[in-house]
Amino acid sequence: MNCNIDEAAHGALSLAASGDLFHDRVVAFVGCFTHYLGVESANYAKLLGAIVGTEIVVEKGCHSLWIESDYVLVIQAFSNYHVVLWHLHNRRQNMLYR
């Protein structure tokens, strides 16, 4: 399963949303979601999009996930908890250890 993550936010704090697009190996559409976040940062929107996308894939029973993002922080968040915003830390931990 592949997951493309994107967000819409302007810098430090503004109205923000995140969304993911899921497709299989042959690029057939599988599903998508969007999530309105209210006033948040772009970092929060990107990280939450990755976390929610991963939670959805795990709930659906898929054991293989390829995350595509244009944001290095999202990729680093899976191996280094120090880069995760404090209010997302517990959700990240729960996602990784399901």
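Heads up: the sequence shown begins at 23 in my numbering, then just goes up one per residue.
Backbone N, C-alpha and C define an ideal beta-carbon position, used for all residues, glycine too.
Start-to-end residues for the alpha helix (DSSP H) that takes in residue i
i   : result
V52 : Here V52 belongs to no alpha helix (DSSP H); instead the beta strand (DSSP E) covers F51 to E62.
L95 : V94 to A99
Neighbourhood of residue i by C-beta, 7 Å cutoff - its chain only, sequence neighbours within 5 removed
i    : result
Q121 : As displayed, the chain neither begins before 23 nor continues past 120, which places residue 121 out of reach and without an answer.
G41  : D28, C54, F55, T56, H57 and G71
L107 : N65, Y66 and L69
Residue i: CB within 7 Å of a non-hydrogen atom of the ligand HEM
i   : result
D92 : Looking at this structure, you won't find the ligand HEM or any other ligand, since it has none at all.
Close beta carbons around residue i, own chain, < 6 Å, minus the five adjacent residues each side
i   : result
G53 : F44
W88 : N24
Beta-carbon separation (whole angstroms), residue i vs residue j, contact threshold 8 Å
i    : j    : result
H111 : Y103 : 7 Å
I73  : M117 : 5 Å
**Item:** At least 3 beta-carbon pairs within less than 8 Å: the segment 54 to 67 vs the segment 31 to 43
**Value:** yes
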